[in-house]
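So the structure is just underneath, and the comments pick up after that.
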Amino acid sequence: MKHIADLGRKHFLLDENINQFFNSIPIPSYVWQKTKNDFILIDYNNAALKVTNGKIKDLLHEKASVIHEDRPDIIEAINKCFREKKSISEKFEYLMKTTGEKVFISLKIYHLPPDLIIVHIKDVTQWKLAEEKLKNSEEKYKLLFEKAPIPIAITDFKGVIIDCNKACEQQFGYIKKEILRKNYLDLGIYSPDLIPKLKERISQLTQGEAIKPVELELTKKDGTKSWITNQMSLVNVGGEILIQSFIMDITERRNFEKKIQRKLENETFISTISSSLIRTVDIDRAVNKSLLEMGVYIGATRAYILLFNEGDSLEFYIQEWCVEGVDPQLINLTTISKNRFPWIFDIGSLNEMILVRNLSEIPKEATKTREELIKLNIKSLLAFPITINKESYGYIGFDNITNISEWEEDDFDIFKTTSEIIGNALERKWSEETLKGSHQLLAGVISSITEVIYLVDNNFNVVWANNVAKQMFGLRIIEQKCYRVFSHRGKPCRECLAVETFEDGKIHEKEKILTNIDGKKKTYWSTSSVAGFNIEGERELAVLILRDISENKKMEKSLNESENNLMLLNKNLMEKVEERTKELKMSEEIYKKILNDLDVGFYKGEFKGKLLMHNSAFNTLLGLDASKSLIGFQSSQFFNDLNVQERYFNELLENGYITNFKAQIKNPKGENIVVYLNSHLIRDHEGNPKEVEGIMVKIIKEA
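For the sequence shown, this note's numbering gives the first residue as 10, with consecutive numbering after it.
Given below as structure tokens:
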């Protein structure tokens, strides 16, 4: 999970579950993104849409300096949160531009690295009015106290509960008569670690010090946990000074923030694993380290990589102990066979994840597998398939032998992605080993040949030479001109075989008399052929082979044998050249395709849903900055006419594709653009419409 970076933090609500969770928060919430000199509103939840009567849509992608141009204090609060990288709580009197209503709001501002600000706006008008009315009328105070939608409690300076409203009963799970005249510090609502902090707040309030709201975790009567924010102040009730506590449930917000934080941690974890495996040359060591980090991260006691052998059993490739300070207890098995673990192999045949949180979850028909896991003292088991080129190679596994693991499903995707990264690293390692073996074999063939072999480019530079060439003509012949090294001339030879090869691409041969490094003249049979092409397909390298034929008569038999070796080498070299040429041509075709597609907008999105992917040309056609992300926008945000949109999707359903579909769309700025859409429908394995992929071409109006 590219791969997991830039996992698209430009629009952090890509994950559907997080998006649903964000929209379920009852507090109006807004997401701002930091730009060079301002903040841009990039998202909001359903509560924000409701409280603004839908008018917040018109402010999407607007600057904070425009939306709050008359409220520099709000802009400064957002800037302060971004500068100091910490949450800020403020209260303001505010005129709702979208409704014209004057309200009191409580702002909770949070920084979400690297460039996002989340603002929760709670309408505390009733709270504010309640405070003001309480000052004027005890009777009104009592009414508001009881009817207030937020929990309010009155205590003395020791913590004894004098009174509380109905909302308190709902918040804590206790009815009023159960807690009246009892000290809330002794009810077990708060953990013992928090008691000193709560007493200190009471002491500060007693001494007249201003105290800020604090967020606390509490335990309800039924044992469930929740998070609240607590604001304490002094209040005069019947001539007695008491403590008034306003309590607001923030459990959903805290859970949302925790989920976002976990997502960011997962992305960072994937990025770290990916970087370590990409940059290293010692892949085995990096895989061991990554596997250990994965085991520690998921809370496993053991982590291992199992690979299929030729007998279709699993063998341990790597095994790591993940608990520091405890003697390792590694699995002492040579192989994991199907006859001992049939249920696991049955799941593996489907190339699916293996998850056993508790051995009691294993079905009755898998009794044999359960018995084997009990022998190994395994209480929980988790394994992800390693797939390379759609072929199953084995598993990355984790287990727990100390207790039952409550592994969260939200973490499965990260480990699936990480398993894929490790699988790719192993594939690279095996490919490099194969390539290294091929290189060694080729080097062995070349070193066994006694002839002079060298490569020259079309500028007569010697770019490579074998050891025989260096022994005969000098160790420093690389990057020297071939005519200086072999013919001791100041300019190219008249009948240069390399030039002839570059001109017609054919093999040329000729007898030559050359002087070697010790001054002796020898007769060589020189052969020249093409060895390499440039990206334009032009010949740029020639391989020349010099065979010593000074004693041709005596060595005729030996030369015939050598010729066979040379022809084989020449064939191998030509095959390598052809492979390289094909790669270059493929690269050229890809490059040309990229160039040809620069002015075509590419898009991919959910069927009747949100946009999942687009290129920069898509932005250009819409008149937007190329770096702006439109991921997450609904298809209905682009089509001007919903009837046209419905016709577009109906044709896709009927035909599976659509060509030159003319439509008028609008960009996020509200500007209308006429385009042609060419799309095809992607269905899932059950045949249901899943995604739409295609290109967009802008229609240029004729003059």
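C-beta atoms are modelled at their ideal positions from N, C-alpha and C, and glycine is treated no differently.
Nearest-angstrom Cβ-Cβ length linking residue i and residue j, presumed shorter than 8 angstroms
i	j	result
threonine 134	phenylalanine 113	5 angstroms
alanine 86	leucine 116	6 angstroms
leucine 435	leucine 506	Contact doesn't hold; Cβ gap of about 46 angstroms is too wide.
asparagine 32	asparagine 62	That pair is no contact at about 17 angstroms.
lysine 637	asparagine 649	Rounded, the Cβ-Cβ distance is 20 angstroms, inconsistent with contact.
histidine 77	lysine 95	Contact flag wrong, Cβ pair sits at about 21 angstroms.
glutamate 621	isoleucine 640	What sits at residue 621 in the sequence shown is leucine, not glutamate. Yes, they are in contact, since the Cβ atoms of leucine 621 and isoleucine 640 sit about 7 angstroms apart, within 8 angstroms.
serine 644	glycine 614	6 angstroms
phenylalanine 469	phenylalanine 424	Not really, about 57 angstroms apart at Cβ, beyond 8 angstroms.
arginine 366	tryptophan 416	6 angstroms
Chain-order list of residues whose beta-carbon lies under 7 angstroms from that of residue i (same chain, five-residue window excluded)
i	result
glutamate 226	Lys234 and Trp236
asparagine 192	Lys167, Gly168 and Val169
glycine 703	Tyr612, Leu686, Asn687, Ser688 and His689
histidine 694	none
arginine 262	Ile34, Ile36 and His129
glutamate 597	Residue placement at glutamate 597 is flagged as unreliable, the pLDDT there being 47, under the threshold of 50; a coordinate-derived value is accordingly withheld.
asparagine 239	Pro222, Val223, Leu225, Ser254 and Ile256
threonine 228	Gly197, Ile198 and Lys234
serine 625	Ala635
aspartate 466	Val472, Glu549 and Leu550
glycine 514	Val539 and Arg548
Contact set for residue i: own chain, Cβ-Cβ below 8 angstroms, skip 5 residues either direction
i	result
lysine 298	Ser285
isoleucine 708	Lys671, Val683, Val684 and Tyr685
threonine 411	Thr310, Val332 and Lys388
tyrosine 53	Pro37, Ser38, Tyr39, Val40, Ile65 and Leu69
asparagine 681	Asn649, Gln673, Ile674 and Lys675
Residue burial classification, residue i (beta-carbon count within 10 angstroms, cutoff 16)
i	result
threonine 510	buried
arginine 556	buried
lysine 399	exposed
lysine 737	The chain is shown from 10 up to 712; residue 737 falls before or after that span and cannot be answered.
tyrosine 306	buried
methionine 705	buried
serine 358	exposed
aspartate 15	Confidence at aspartate 15 is low in this model, with a pLDDT of 39, below 50, so the placement of that residue should be treated as unreliable; the coordinate-derived value is given next. Aspartate 15 is exposed by the Cβ-count criterion.
aspartate 321	exposed
arginine 379	buried
histidine 497	exposed
glycine 499	exposed
glycine 432	buried
serine 538	buried
glycine 247	exposed
serine 414	buried
tryptophan 352	buried
glycine 610	buried
lysine 131	buried
serine 428	buried
aspartate 527	exposed
leucine 153	buried
isoleucine 667	buried
glutamate 276	buried
threonine 426	buried
Beta-carbon proximity of residue i to residue j, cut-off 8 angstroms
i	j	result
glutamate 549	phenylalanine 616	no
glycine 403	leucine 342	no
isoleucine 126	cysteine 90	yes
glutamate 713	tryptophan 534	Here the chain has residues from 10 to 712 only, and residue 713 is not among them.
leucine 769	valine 472	Given that the chain is displayed from residue 10 to residue 712, the structure contains no residue 769 and the question cannot be resolved.
leucine 300	isoleucine 327	yes
isoleucine 256	glutamine 180	yes
leucine 196	isoleucine 188	yes
leucine 214	methionine 241	yes
glutamate 266	glycine 304	no
isoleucine 163	leucine 251	yes
glycine 406	leucine 315	yes
isoleucine 161	cysteine 173	yes
phenylalanine 647	isoleucine 674	yes
Chain-order list of residues whose beta-carbon lies under 6 angstroms from that of residue i (same chain, five-residue window excluded)
i	result
glutamate 518	Thr536
isoleucine 51	Val40 and Gln42
proline 677	His70
asparagine 605	Unreliable placement is indicated for asparagine 605, whose pLDDT of 44 sits below 50; no coordinate value is reported for it.
glutamate 102	Phe113
cysteine 491	Val465, Phe469 and Val471
glutamate 155	Asn174
valine 60	Pro37
Inset, instruction - Check whether the segment 360-371 touches the segment 263-283, taking contact to mean three or more Cβ pairs, one atom from each stretch, closer than 8 angstroms. - result: no
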